[in-house]
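Enquirer:
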Amino acid sequence: MRSPMTEPIVLDLAALDRAVYGAIAITPTPSLDGAMRRLSHAANHSKISFALAGLLALRGGRTRRAALLGVAAIGVASAAANLLGKNLVRRERPDRLGALVPEARHVRMPTSASFPSGHSASAFAFAVAVGAELPRTAVPLSLLAATVAYSRVHTGVHYPGDVMAGGLLGVAAATAVRITLA
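Each residue of the sequence shown is one higher than the last, beginning at 37 in our numbering.
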């Protein structure tokens, strides 16, 4: 239950979230549309992260440990986002038709709740867990995670706040895994 003091803040954040979503929706970006759609699809079920983890695991030693930490962090982030977060908040998905998201950007609209973004949570969990173990990978993996998160807004299936919350959840999941398995 919201308090009278927090109600205006929550309403302002929701309005800002919708405004940014709408601005992204109507900004023409034909050169990005196909790439964002393909990236969003490739990130389904953490396929990109699992493929990278498999490649890292082949190297052994610290690199294999980084892959295992990344996979564990995905598990924690995915459970937290999809089993807890979405069921607690139950935010509806954006109305991408009403927001005029171009059809060239569309991916299948998920039936689950919108908040938080599971794609973002998993991508950031993997990036932070692996990046902390292998510092040279931190920037490229974080950029990949941020691009996956943006792709979810670009394709019209999430509000910006959903992917930001998912990203924070992913960072928390990676931190928890690293502390637990240290």
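Even glycine gets a Cβ: it sits at the ideal position worked out from N, Cα and C.
(1) Hey, how far is the Cα of residue 219 from the Cα of residue 69?
(2) Tell me whether the stretch 53-70 and the stretch 132-142 touch, counting them as touching only if at least three CB pairs, one residue from each stretch, are closer than 8 Å.
(3) With DSSP collapsed to three states, give me the class of residue 255.
(4) Go through its chain and collect everything with a Cβ distance to residue 84's Cβ below 6 Å, but skip five positions before and after it.
(5) With a threshold of 7 Å, establish whether the CB of residue 153 neighbours any heavy atom of the ligand FMN.
(6) From which residue to which residue does the alpha helix (DSSP H) around residue 196 run?
(7) Just to confirm, are residue 142 and residue 191 a CB contact at a threshold of 8 Å?
(8) Between 110, 125, 153, which lies nearest to residue 201 when the distance is taken from Cα to Cα?
(9) Do you know how far the Cα of residue 114 is from the Cα of residue 92?
(10) Can you tell me where the alpha helix (DSSP H) holding residue 101 begins and where it ends?
(11) Looking at the secondary structure, which residues open and close the alpha helix (DSSP H) in which residue 21 lies?
Expert: Well, looking at it:
(1) The structure shown does not extend to residue 219, since the chain spans only 37 to 218, so no value can be given for it.
(2) Segments in contact, yes.
(3) Residue 255 is absent from the model: the chain starts at 37 and stops at 218.
(4) 78
(5) Ligands in the displayed structure: none, and consequently the ligand FMN is not present.
(6) Counted as a single uninterrupted DSSP element, the alpha helix (DSSP H) harbouring residue 196 occupies residues 196-217.
(7) Here residue 142 is near residue 191, since their CB atoms are less than 8 Å apart.
(8) 153
(9) The C-alpha of residue 114 is placed about 21 Å away from the C-alpha of residue 92.
(10) 97-115
(11) Because the chain spans 37 through 218 in this model, residue 21 falls outside it and cannot be assessed.
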